[in-house]
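Structure first, commentary second.
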Amino acid sequence: QKQVKDLSSPIYITVYYSSDISKENPVYGRYAEFVLQFLKRYQQQNPEKIFITVKDPQPFSENEKEAQKAELKSYLSADGRTNLYFGAVFADSEGQTQVIDSFSPERDFWLEQDITTLLNRFKHESRDIVGLISPIHQMIEQKYGQKAETYAFIDELSSRYDILPLAANVSEIPLNVDVLIV
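Residues -6 to 175 in the numbering used here are what the sequence shown spells out, letter by letter.
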């Protein structure tokens, strides 16, 4: 609640929700209602700063082009002819955007954390720096042009903090490191 009330500039949330997705999968229909109600609770906490728009990206429409441009994840309909979307684009008045490429019932437990973390990125504050001494991180970084494997732990850290990889034989920890993980 504090994060939402402390927003300094307006946040515009555009939810791309294909109306046909609930016909294809009723679970998504119920989950979409839950997500929209959840977002409205955020809006109720700070109605002067949070604005929500819901768009139905029908095939070949301008809304579908917007969803594709935002790189939202699409699902094929049962007949394989239509892309279905259920994601959101968050934007501030300065044009900075953050995306939830798809809302998934499997991530239901993390919905509040995902949205709050995303909203927090609009504060324009510097993020804490995590020094990371890890042979795994070094292997990820050294894929030389190939798509590197990702690890959930590293992904979660990167979503909240700036990661500063450090060599295993580092003799001095840089002063700008807030937390060190070995």
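Quick reminder that beta carbons are idealized off the backbone N, C-alpha and C, glycines included.
### Three or more C-beta pairs below 8 Å linking the segment 72 to 89 and the segment 3 to 22
yes
### Query
So, residue 85 versus residue 6, is the Cβ gap smaller than 8 Å?
no
### Query
Is it the case that the Cβ atoms of residue 110 and residue 152 are separated by a distance below 8 Å?
yes
### Task
On a CA-only basis, which of 147, 2, -6 is nearest residue 88? Give me that one, please.
2
### Query
Given that a residue counts as buried once 16 or more other Cβ atoms are within 10 Å of its Cβ, and exposed if not, what is residue 75?
buried
### Message
Among 57, 29, 170, 147, whose alpha-carbon lies nearest the alpha-carbon of residue 44?
### Response
29
### Query
Which stretch, first to last residue, makes up the beta strand (DSSP E) that contains residue 7?
4 to 10
#### Entry: Between the CA atoms of residue 157 and residue 101 - distance to the nearest angstrom
30 Å
### Where residue 167 sits in the DSSP three-state scheme
coil
### Query
Assuming residue 63 contacts residue 50 under a Cβ cut-off of 8 Å, what Cβ separation, rounded to an integer in Å, is found between them?
That pair is no contact at about 10 Å.
#### Entry: The alpha helix (DSSP H) enclosing residue 81, as first and last residue numbers
Per DSSP, residue 81 belongs to no alpha helix (DSSP H); it is in the beta strand (DSSP E), 76 to 85.
### Query
Would you call the CB atoms of residue 125 and residue 77 closer than 8 Å?
no
### Task
Work out the CA separation of residue 173 and residue 147 for me, nearest whole Å.
14 Å
#### Entry: residue 36 versus residue 20 - alpha carbon distance
24 Å
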